[in-house]
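Numbering (this note's numbering), first residue to last: 68 to 369.
All residues carry an ideal CB built from backbone N, CA and C; glycine is no exception.
What you are looking at is a predicted structure, and each value in this text was computed from that prediction instead of being measured.
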Ligand SMILES: NC(=O)c1ccc[n+]([C@@H]2O[C@H](COP(=O)([O-])OP(=O)(O)OC[C@H]3O[C@@H](n4cnc5c(N)ncnc54)[C@H](OP(=O)(O)O)[C@@H]3O)[C@@H](O)[C@H]2O)c1
C-alpha cells in the first residue's frame, strides 16, 4: 500500500457512506464503490468512482472502508463465503469500519480480518451527513498502531479530528456512549420545549435562551430548527438512534452497569416508533410524543 494515497474500496452507500465516499473522491483518492442494493452507486460512478461488482473484489484495493447500518450488516461484509476477505486479500492491508456497531461485532470483524492478514480499525464517526460534507466530522479510532497510522491520511481527508482510544474495540464503546448522550439530550430537549409551550413560552424563545446558556451545545443549536419548524426530514432516523441506545444498553447489561436514564430514553424512542408518530423521521420526532403525552398539539410558527 502506498503510504500517502491508498486505493479505497468503499462499502455501503447510505446517507453517511455516500457523502464520505464523495469527500474522498473529491480529495483525489482512487475510490471503488459497492452497495448491497443497486443504484446508490450511480452518482459516485458518474463522479469518477469505479463500480465494485462483488465484496470479494475489495481485496484488490489497498484499503476497505465500510459504512453500513448495524451488526448484521457488518457481519455480512466478512461472510467467509463471499465477503470482503474471501477473495484472496493479496493487496488489501487495512479495513476501516465506521459503522455504529457493538464492540462484540467489531471484535468479530477484527478477528476475521486478522486471520486473513488484514489490519482492522474501528472508526465510528460523530457528525451527520451535513457535518461530514462540511469536513467537520470527528472519529474515535481503535486498533493496532500500525493500522491506525495507515488509516490516518484517509481519516484526515474525511474530517477534522481523530481520537485514538485504544488497541481493540474501544472506539465502538466511545461511540455508543456518545450516542447514548445524544439520545438523552434529544429527549430532554423535546420534553422541555413541550413544558415551555404548555406554560406559554414559544419553542423558539426557549431554545434561543438555552442555546445562549452554558447548557446549550452545538447539538441543541442544530436541532433547534427541527424542534421549532417541525421539519423532521431525517439526518439520523428515530430507528437508527434507538438501535444505538439498544446497543449501549446491551453492553451495559453484559457489564452489569445499570443505566436508568438511558433505559427511559430507549422507551421514549420506542414509543415514537410504535405510535407511528415519528417512524422514519428525524430523531427530533420524539417531540411529537412528548407533546401528545402533555395533551398539546405543536404547530410550526406562522
Ligand atoms: N446518519 C447519521 O447522522 C449518522 C451519524 C453517525 C453515524 N451513523 C452510523 O453510520 C451507519 C450508516 O448510517 P446511515 O445513516 O448512512 O444509514 P443508512 O442511510 O440507512 O444506510 C445504511 C447502509 O447500510 C447498508 N446495509 C444495511 N443492511 C445491510 C446488510 N445486511 N448488508 C450489507 N449492507 C447493508 C445499506 O445498504 P442498502 O442501500 O442496500 O439498504 C446502506 O448502504 C450506521 O451505523 C449509523 O448508526 C449515522
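So, for residue 68: in the same chain, excluding its five sequence neighbours on each side, which residues have a beta-carbon less than 6 Å away from its beta-carbon?
Its pLDDT being 46, under 50, residue 68 is placed unreliably in this model, and the coordinates cannot settle the point.
Near ligand 1: residue 139 beta-carbon under 8 Å from a heavy atom:
For ligand 1, at least one heavy atom lies less than 8 Å from the Cβ of residue 139.
Quick check on this structure: which residue in 89, 123, 96 has the alpha carbon closest to the alpha carbon of residue 109?
For the residues 89, 123, 96, the minimum Cα distance to residue 109 belongs to 89.
Can you tell which of 190, 143, 305 has its C-alpha closest to the C-alpha of residue 237?
When the alpha-carbon of residue 237 is set against those of 190, 143, 305, the nearest one is in 190.
Could you check where the beta strand (DSSP E) with residue 197 kicks off and where it finishes?
That residue, residue 197, is in no beta strand (DSSP E); its alpha helix (DSSP H) goes 196-200.
Note down the Cα distance separating residue 96 from residue 117, rounded to an integer number of angstroms.
Per the coordinates, the alpha-carbon of residue 96 lies some 11 Å from the alpha-carbon of residue 117.
Of all the beta strand (DSSP E) runs that stay within the bounds of the segment 157-222, which reach a length of 3 or more residues?
Listed in chain order, the beta strand (DSSP E) elements of length 3 or more contained wholly in the segment 157-222 are 161-164, 186-189, 205-209.
Neighbourhood of residue 133 by C-beta distance below 6 Å, restricted to the same chain and skipping five residues each side
Excluding residues within five positions, the ones whose Cβ falls inside 6 Å are 78, 79, 144, 164.
CA-to-CA distance, residue 246 to residue 263, given in whole angstroms
If I take the Cα positions, the gap works out to 26 Å.
Beta-carbon proximity list for residue 202, same chain, < 7 Å, skipping 5 on both sides
Within the same chain, residue 202 has close Cβ partners 226, 227.
What are the boundary residues of the alpha helix (DSSP H) that includes residue 116?
Where residue 116 is concerned, there is no enclosing alpha helix (DSSP H), given that its DSSP letter is neither H nor E.
In this structure, does DSSP put residue 227 in helix, strand or coil?
In the three-state scheme derived from DSSP, where H, G and I count as helix and E and B as strand, residue 227 is classed as coil.
Which of helix, strand or coil does DSSP assign to residue 359?
Helix, per DSSP.
State the CB to CB distance for the pair residue 312 and residue 291, rounded to an integer number of angstroms; the pair is presumed to be in contact (CB under 8 Å).
About 22 Å separates the two Cβ atoms, so there is no contact after all.
Of all the options 368, 339, 233, which has the alpha carbon lying nearest to the alpha carbon of residue 253?
The option with the nearest alpha carbon to residue 253 is 339.
Just to check, is the beta-carbon of residue 310 closer than 8 Å to a non-hydrogen atom of ligand 1?
At least one heavy atom of ligand 1 is nearer than 8 Å to the Cβ of residue 310, so yes.
Outcome for residue 360 when other beta-carbon atoms lying within 10 angstroms are tallied against a minimum of 16:
By the C-beta density criterion, residue 360 is exposed, having fewer than 16 other C-beta atoms within 10 angstroms.
With distances taken Cα to Cα, identify the nearest neighbour of residue 198 among 286, 354, 335, 327.
That would be 286, whose Cα lies nearest to the Cα of residue 198.
Between the Cα of residue 293 and the Cα atoms of 256, 183, 184, 121, which residue gives the shortest distance?
It is 256.
With residue 98 as the anchor, note down where its beta strand (DSSP E) starts and where it stops.
Per DSSP, residue 98 belongs to the beta strand (DSSP E) from 98-101.
First and last residue of the beta strand (DSSP E) that includes residue 80?
It is not in any beta strand (DSSP E) - residue 80 carries neither H nor E in the DSSP assignment.
Starting from residue 131, trace the alpha helix (DSSP H) in both directions and tell me its first and last residue.
Counting along the chain, residue 131 sits inside no alpha helix (DSSP H); it lies in the beta strand (DSSP E) bounded by residues 130-133.
Would you kindly check if the distance between the Cβ of residue 218 and the Cβ of residue 232 is under 9 Å?
In this structure, residue 218 does not lie closer than 9 Å to residue 232 by Cβ.
Backbone secondary structure at residue 307 - three-state DSSP:
In the three-state scheme derived from DSSP, where H, G and I count as helix and E and B as strand, residue 307 is classed as helix.
How far does the alpha helix (DSSP H) with residue 367 in it extend, from its first residue to its last?
Taken as a continuous stretch (DSSP letters only), residue 367 belongs to no alpha helix (DSSP H), as it is neither H nor E.
The alpha helix (DSSP H) spanning residue 270 covers which residue range?
Following the DSSP letters along the chain, one finds residue 270 inside the alpha helix (DSSP H) bounded by residues 270-279.
Tell me which residues share the same chain as residue 150 and place their Cβ nearer than 6 Å to its Cβ, disregarding the 5 neighbours each side in the sequence.
Excluding positions up to five away in sequence, the list reads 122, 144.
Span of the alpha helix (DSSP H) holding residue 126?
Where residue 126 is concerned, there is no enclosing alpha helix (DSSP H), because DSSP gives it neither an H nor an E.
Output needed for residue 298: all residues of its chain with C-beta closer than 7 Å, excluding positions within five of it in sequence on either side, in chain order.
Correct list, in chain order: 292.
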